[in-house]
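Chains as they are written, first to last, in our numbering: chain B, 1 to 179; chain F, 180 to 358; chain P, 359 to 604; chain E, 605 to 850; chain V, 851 to 925; chain H, 926 to 1000; chain W, 1001 to 1346; chain U, 1347 to 1692. A virtual CB, placed ideally from N, CA and C, is assigned to each residue, including glycine. Quick caveat: nothing in here was measured; it's all calculated off a predicted structure. Here is the structure we will look at, set down as structure tokens.
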Amino acid sequence: MREELIVAGFGGQGVMFTGTLLAQAAMLEGKFVTFFPAYGAEVRGGTANASVIISDEEIGSPLVSAPDTLIILNQPSLDRFHRKLKKEGQLVVNSTLVQPEALKNIVQGVSQVPASEIAEQLGNIRVANMVALGTYLKIKPVVKLSSVNEALATLLTGKKAGLQEINKKAIKAGYEFSK
Amino acid sequence: MREELIVAGFGGQGVMFTGTLLAQAAMLEGKFVTFFPAYGAEVRGGTANASVIISDEEIGSPLVSAPDTLIILNQPSLDRFHRKLKKEGQLVVNSTLVQPEALKNIVQGVSQVPASEIAEQLGNIRVANMVALGTYLKIKPVVKLSSVNEALATLLTGKKAGLQEINKKAIKAGYEFSK
Amino acid sequence: MKKVYCKPESMTDIEHKYCPGCGHGLVHRLVAEVIDELGVRERTIGIAPVGCAVFAYDYWNFDVTEAPHGRPPAVATGIKRVLPDRIVFTYQGDGDLAAIGMAETVHAANRGENITVIFINNAIYGMTTGQMAPTTLLGMKTTTTPFGRDKNLAGYPIKVCELLATLAGTAYLERCAVNNVKNIINTKKAIKKAFEMQKENKGYSLIEVLSQCPPNWGLSLKESLKFVQEDMTKQFPLGVIKDIYA
Amino acid sequence: MKKVYCKPESMTDIEHKYCPGCGHGLVHRLVAEVIDELGVRERTIGIAPVGCAVFAYDYWNFDVTEAPHGRPPAVATGIKRVLPDRIVFTYQGDGDLAAIGMAETVHAANRGENITVIFINNAIYGMTTGQMAPTTLLGMKTTTTPFGRDKNLAGYPIKVCELLATLAGTAYLERCAVNNVKNIINTKKAIKKAFEMQKENKGYSLIEVLSQCPPNWGLSLKESLKFVQEDMTKQFPLGVIKDIYA
Amino acid sequence: MKPKESMPKIVIYEQKCKGCELCVITCPKKNLRLGQKINKKGYHYIEIVDLEKCNSCGLCYQVCPDVAIEIWKDK
Amino acid sequence: MKPKESMPKIVIYEQKCKGCELCVITCPKKNLRLGQKINKKGYHYIEIVDLEKCNSCGLCYQVCPDVAIEIWKDK
Amino acid sequence: MKKLMKGNEALGEGAIKAGCAAYFGYPITPQNELTEYMSKRMLEEKRVFLQSESELAAINMVLGASAAGVKAMTSSSSPGISLKQEGLSYMAGCELPALIVNVQRGGPGLGNIAGSQADYFQATKGGGHGDYHLIVLAPSSVQEMFEMPAQAFALAEKYRNPVMILADGVVGQILEPMEEVKVDSTYHGDRSWVLDGCQGRAPRKIRSLLMEEGALEEHNIKLQKKYKVIKEQEQRCQKQNTEKADIILVAYGTSARVCYSAMLAARKKGLSVGLLRPLTLWPFPVKAIAELTGTAKAFLTVEMSAGQMVEDVKLAVNGRKPVHFYGRAGGGMPTEEEILKEIEKI
Amino acid sequence: MKKLMKGNEALGEGAIKAGCAAYFGYPITPQNELTEYMSKRMLEEKRVFLQSESELAAINMVLGASAAGVKAMTSSSSPGISLKQEGLSYMAGCELPALIVNVQRGGPGLGNIAGSQADYFQATKGGGHGDYHLIVLAPSSVQEMFEMPAQAFALAEKYRNPVMILADGVVGQILEPMEEVKVDSTYHGDRSWVLDGCQGRAPRKIRSLLMEEGALEEHNIKLQKKYKVIKEQEQRCQKQNTEKADIILVAYGTSARVCYSAMLAARKKGLSVGLLRPLTLWPFPVKAIAELTGTAKAFLTVEMSAGQMVEDVKLAVNGRKPVHFYGRAGGGMPTEEEILKEIEKI
Ligand SMILES: Cc1ncc(C[n+]2csc(CCOP(=O)(O)OP(=O)(O)O)c2C)c(N)n1
Ligand SMILES: Cc1ncc(C[n+]2csc(CCOP(=O)(O)OP(=O)(O)O)c2C)c(N)n1
Ligand code: SF4
Ligand code: SF4
Ligand code: SF4
Ligand code: SF4
Ligand code: SF4
Ligand code: SF4
Ligand SMILES: [Mg+2]
Ligand SMILES: [Mg+2]
């Protein structure tokens, strides 16, 4: 098993958290994993993105140039990354923030989920990333949902512990959306 | 012809001027010449010394490690340099500032001149260096006295032009002392 | 109909990469307006810092050069000395100007270089995402003072204008802010005066601008404006600190 | 019979390489006397500058380290932070402290490092034989201001104590001279007070000493003493500039 | 967006606006507000509440860090 | 050079002296002067004019940059 | 138990576990997490953390702390490391141990903040003045970021020499599972030179100025002897499939990770490819490379630079076999595919 | 007419005759005479002289003046040059022409003030960060100190690249007769990048920060192309008796002078010895050396260092012939006799 993916969206949409969570879950399952943020720290604005590789074998380069999966949280990220997707690759898009026409020419496996909308309904627009993650995990179960929940418990502690629930809910919602 | 010499004395005794003057005179005669000061600029006290090489051929290293001639203006310089003198080398010492016993063990050609004394008699103790130079030029006429005088005219200009005479006199006195 | 307020000619159309509400954008515009008003755009050379304003050359519509972090005063000196009839200014953050660049700042000021310095004091390292600046207030939490700035460990917020006022080379030093209209208008006045002085060969001037950096202060923009008004101005009082022609 | 005045224990027997009458030798001795009197020789660490005093480690009889030109305050900070119970001081010339080392000087002062700085202001670069220093007086001829220091080209003599006095981190700043017995005795008092303060954890202190450099001033020693008295003290007035405990 | 003739006017450059609301706070007529739509950068941008009420005072321009506002006035 | 007993005394370290004459200027008794002899460094060094007249005030020590003077006094 | 950690933070924790007593640094991307991590953890551990006013100040604070006898460190990224060159030359001259971390970014100048390996020359040949060497270690994983500080301090103290960990933005920013293995935290080597007050002993001095005739030359001879010992005893590298391989990839740090993948891919294609990864860049693993010149048919050096280490590979191979180069400068990163293509070209 | 002149002053006068419009510098031995000379002569010529507060300030003033389109220069000696490394990397990245003079002294650290050649690596490999190169010229006589500034400015402007004159304390301090030949003072190369106010043209910017994806890599590719052209077109050296010589001495600057004497002495003894003196250290005269590997039996590199240029000689020879080294570090200077002995050993 080897999965290379890129998560991308606006800064503030939780791109880094999504990647880290996935990495943490993969580690809990004893897999080799790398998480590499495109640390645009010295540039304001624009999009944030991160590469995650999960594998049964040692991982060389942590940079993903041709992803197996793209999790796209907004329009500019789609514009920037969709061409990098591997043939037969999987695209998960937050359809709330992506214009439908933009997806027209993309023939590959597209999975649209109105992640921001669903998140808003859940009461916190900021968990759109988790919704998208849920959708992704349904399509490609690279890690078990239980591992992700365990990972959430590790990453969200202290003042943030209270956010575990809403995140779990969002993942579940995304997971169930994709049928 | 090739002459390598070191001039050494206290800072303030005109070591650098002596070397430069010789170099200037040699240049006027169309010779190859280098002057290299031991620029102890970042150390106070101690002795000053300079290397001069005069030659009919192109000069490689400007540093003199085994001089043909040593012009020594004070005791510490004698202590420091006399061992470097070539066999058959020439030593010109300012005997006013060098203890006679120090010269005992030096078997090579020593030419003693009470340069400071003579200079004082001439009315300016600071031209002891020129007295020693005169003595040296008598023994080893590497450049003509006329060239040295011409060189003096080039080097002592402006406010210092008035010093030409006393310098010339001192050179002459040293020259004549050595008989 | 006539445009009464619009993008000055000295600004390009390129969109700022700054965070919403960031003071940099404001001051960029004020500088541009002043340069337009003085009619010196075609003989102005700006020096951008390393800091959030590193891309200033994209936003201004006149000649601009980069400088290594902290060295704009030296670069400005180099330019002004060889082109004394050009208008030369640096634009610097507090890290750039008062930390790594302290020596260059003090010495350009002391030489009385006939330049203008625009100094953005946001009490933080914006570009590198929130480390302590020399101007960080005591007790303020930053990513390198996680327990709050402690004077015993990290010293005191530096008052740059007051420091430079002791130097005979400085002509005009004023501290302003851009947290509300009144202060913005005042800031522009000060900047204009500084550039005018340069035009008239009156020597070194520096305008310090207290400027909000909401994300790295961990505050909303509104809280940030209040923080400028209430906390920063206490440590860094607004007003003319020195004006040898006053 | 008893020795009443003699080489302090904190000095070695090595002969100074300084020029006759140079103030460095005097201040070396004063520092050594103070360290003896405070009984801290065995826990003192000095930092020598790059300047004529670079060989200070040969003359003092306690631990001393070299520092790159201008960086003694940073080196002192490194030492004092890891050994807070040692007595740490820097000894710096005006080039070292106020030109290349200005940023380190300002920041160590602003952090209120609990160290003592002995600052030898001889208005010249002694070691490199006579170039302009930041403290060179206007009109003074040096090897790099052959026509006299011109404020329009080279700026003004910097008053270091006054500059540092604006920083909240500084506790005690005094300017002294060593051109006559009275001033020498005063200088010693100031140095002693500075070291005492460090012992008592009272923070950053700097003693500026106006010091003669006859060869590079092109003056006789007597003229030099007069120059200190009449010209230098006019630009650099003697006295306590700041004492937060006064 | 060409403003209508002989009326106090304000032009909002939607793509430049970052929705910081500095102008909203500042407008003496309380005549600006954050809109629902998001621009390319992902920000909600501002809109004018009532064009008539705007008196072209320019305060919104003055406080905008992104030069996203332009003010027109009768000559 | 061991000073005589029970008399105000001054010891001059000839090799350390650079003949700067700071002590000469300073001695309230005008009791110091530059000598004729030159030391190893090439400097004329100072000498005391009249040992009797010295009162061990130590001012010469105070001004000497080269610690070339030592002062002894009756206990 | 494994832990997901960021390279920069792993290095910080590794340094703390190695006994680092004082950290001095100035922010710069992509190493900020290290400075930030230390600002918290060092205080928790009641050790010294100080955000200096500049990189110049930082390196000289390290000089001071090291002279005072403690394990001291600083970190920065490329432009900041350039500013430390004078200080590094002084520390090497004064023979002061310390750890300097460079999380390299794209250059020259302000460049960008991507990972890069273009400071190899500066680190290994001496970006400062004079004949000196830093010992240079090159981590390629978060695990090594954690473990290398202890090795670095040990080497620094043993040889009284500054040691640099030459990382890059990729290995600094990556998160990977790692194990907090136990690391050595003792102070190695003698301390007879430490300045901590002369109680009960003769005063000491630390200096690099040697003006007496011949003194500096003598000191240099001594330094060169030390460097010779280091060269003989401390060359370290990791070899994978190098025995009898036709083509030897030579790469360090992040580019070695890419080479690892490329090697596997090549071997799958039936190509005889091995990988030699220098762990010490100075001393460079000359012996290991020289040995392989017997069996290997060619070498391919891969760098995230326009070609720097390749010179050392060439010097080690000394013309016995062809040495090829593939690199990408300015923050670019060679890909597995590109390397494969280069291998196939040979 | 010949004139007796000091190396440092000859360089100053040479720069002035070459049209240098601005000098910025900070005192340091053994180059002080140059700063002092400029402080007088530049004012006489109504040009810009400024004693900066530090070497850091000086290099950045040069950056500014160069950006403004004039011939600008700075000078220093080893420790001061270390402080300029960040600025040099920026200038190379921004492609700004200028002249930087290093009158090398003994190192590492504060070292001493004797002449030295131990900053070769720093000058030629890049003491700063990132993939960049300075063009490096090496004078060995007062005459060349006078003539090289004009060459340096011409190269700098032609290639928009900083140029370093790598002198040493000996050639800086020596006085020799020299001729004030006429030198080129025109501004070479295009000026379409100069910042002097945007009157009648679009605004310009000078920067080395390139954050857009791939932009910095592209810029590096452009730089590398330029460096390749320079390497092909600007290798310069002086050869004496190298044809058919068995032993080729390779040395630059002051050590080349000693080698010259040693070569004459060796030839007198009937030994077949030639001398190759690089005039450009970067680009290194690889071609000239490679050519000689056919006829020469061995090379002997002589340096006033522990061995730095010898690596470039080895890279050029590439194992075809043995390359020997003789050097003295820390301000020591090889003597004619020592070199002769080394020659005889081969
Ligand atoms: C030599 C060097 N050191 C450090 C950095 C990293 N750096 C970039 S910007 C910056 C500080 C920015 O803070 P400030 O000057 O206050 O500007 P702001 O972003 O707050 O406007 C630092 C430390 C650098 N680029 N170069
Ligand atoms: C980085 C660096 N720059 C310059 C020098 C040369 N240098 C040595 S001492 C000195 C200045 C000395 O002046 P000051 O600090 O006033 O001390 P003084 O000799 O007058 O006591 C300079 C510029 C150096 N050694 N290192
Ligand atoms: S980080 Fe702060 S200074 Fe930088 S753009 Fe954002 S608000 Fe402005
Ligand atoms: S040059 Fe000046 S400072 Fe240096 S030793 Fe001589 S008198 Fe003292
Ligand atoms: S111009 Fe004045 S009234 Fe009109 S929207 Fe702006 S602030 Fe409000
Ligand atoms: S001030 Fe400018 S950027 Fe902010 S909301 Fe108003 S128009 Fe938008
Ligand atoms: S002790 Fe006093 S009286 Fe005696 S020589 Fe010294 S200064 Fe003169
Ligand atoms: S003060 Fe000291 S050095 Fe000067 S003359 Fe007197 S004894 Fe000699
Ligand atoms: Mg800031
Ligand atoms: Mg001084």
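{"Item": "Identify every residue that forms a DSSP beta bridge with Leu1483/U.", "Value": "Ile1511/U and Thr1626/U"}
{"Item": "Tell me whether Ile811/E, by its Cβ, gets closer than 7 Å to a heavy atom of ligand 10.", "Value": "no"}
{"Item": "According to the neighbour-count rule (16 or more other Cβ atoms, all chains shown, within 10 Å of its Cβ), is Gln940/H buried or exposed?", "Value": "exposed"}
{"Item": "Quick one: Cα of Ala41/B to Cα of Met1557/U, how far?", "Value": "At Ala41/B, the pLDDT of 44 sits below 50, so the modelled position is not reliable and the matter cannot be decided from this model."}
{"Item": "Less than 7 Å separating the Cβ of His427/P from some heavy atom of ligand 1?", "Value": "yes"}
{"Item": "Over what stretch of residues does the alpha helix (DSSP H) that includes Thr226/F continue unbroken?", "Value": "Here Thr226/F belongs to no alpha helix (DSSP H); instead the beta strand (DSSP E) covers Thr226 to Ser234."}
{"Item": "Val1163/W CB to nearest chain E CB: under 8 Å?", "Value": "no"}
{"Item": "Determine the direct distance from the alpha carbon of Leu1034/W to that of Lys169/B, and round the result to whole angstroms.", "Value": "34 Å"}
{"Item": "For Met706/E, which residues in chain P fall below 8 Å Cβ to Cβ?", "Value": "Met460, Ala461, Val464 and His465"}
{"Item": "Check whether the Cβ of Glu520/P lies closer than 8 Å to any Cβ atom in chain E.", "Value": "yes"}
{"Item": "Determine, using beta carbons only, whether Tyr175/B and Leu122/B come nearer to each other than 8 Å.", "Value": "no"}
{"Item": "For Ser824/E, count neighbouring Cβ atoms within 10 angstroms of its own Cβ and tell me buried if that reaches 16, exposed if not.", "Value": "exposed"}
{"Item": "Cα-Cα, which of Ala798/E, Asn726/E, Thr748/E and Gln735/E is closest to Lys763/E?", "Value": "Asn726/E"}
{"Item": "Excluding five sequence neighbours on each side, which residues of the same chain lie with their C-beta closer than 7 Å to the C-beta of Thr1639/U?", "Value": "Val1663, Arg1666 and Lys1667"}
{"Item": "Is Ala41/B helix, strand or coil when you go by DSSP?", "Value": "Only weak support is given to the placement of Ala41/B: the predicted model assigns it a pLDDT of 44, under 50, and the value that follows is read from those uncertain coordinates. Three-state result, Ala41/B: coil."}
{"Item": "Does the beta carbon of Pro761/E fall short of 7 Å from some heavy atom of ligand 8?", "Value": "no"}
{"Item": "Which class does Cys989/H belong to by DSSP, given the choice of helix, strand or coil?", "Value": "coil"}
{"Item": "For the stretch 1487-1502 of chain U against the stretch 1351-1369 of chain U, do three or more pairs of beta-carbon atoms, one drawn from each stretch, fall closer than 8 Å, so that the two count as touching?", "Value": "yes"}
{"Item": "Report all residues from its chain with a CB closer than 7 Å to the CB of Asp835/E; omit the five preceding and five following residues, and keep chain order.", "Value": "Leu741"}
{"Item": "Return the CA-CA distance between Thr1301/W and Met1309/W, expressed in angstroms with no decimal places.", "Value": "8 Å"}
{"Item": "Between the stretch 1075-1085 of chain W and the stretch 1119-1130 of chain W, can you find at least three pairs of beta-carbon atoms closer than 8 Å?", "Value": "yes"}
{"Item": "Have a look at Gly908/V, Lys923/V and Asn881/V and flag the residue whose alpha-carbon is nearest the alpha-carbon of Val917/V.", "Value": "Gly908/V"}
{"Item": "Whole angstroms are fine: how far does the CA of Leu1264/W sit from the CA of Ile59/B?", "Value": "11 Å"}
{"Item": "Do Asn74/B and Gly885/V have their C-beta atoms within less than 8 Å of each other?", "Value": "no"}
{"Item": "Taking Cβ to Cβ, would you say Thr748/E is nearer than 8 Å to Glu1564/U?", "Value": "no"}
{"Item": "Any beta-carbon of chain U closer than 8 Å to the one on Pro653/E?", "Value": "no"}
{"Item": "Helix or strand or just coil, what does DSSP make of Glu424/P?", "Value": "coil"}
{"Item": "Can you have a look at Ile372/P and say buried or exposed, based on whether 16 or more other CB atoms are within 10 angstroms of its CB?", "Value": "exposed"}
{"Item": "Residues of the stretch 56-67 of chain B with a CB closer than 8 Å to any CB of chain W: list them in chain order, please.", "Value": "Glu58, Ile59, Gly60, Ser61, Pro62, Leu63 and Ser65"}
{"Item": "Quick one: grab the DSSP three-state call for Ser116/B.", "Value": "helix"}
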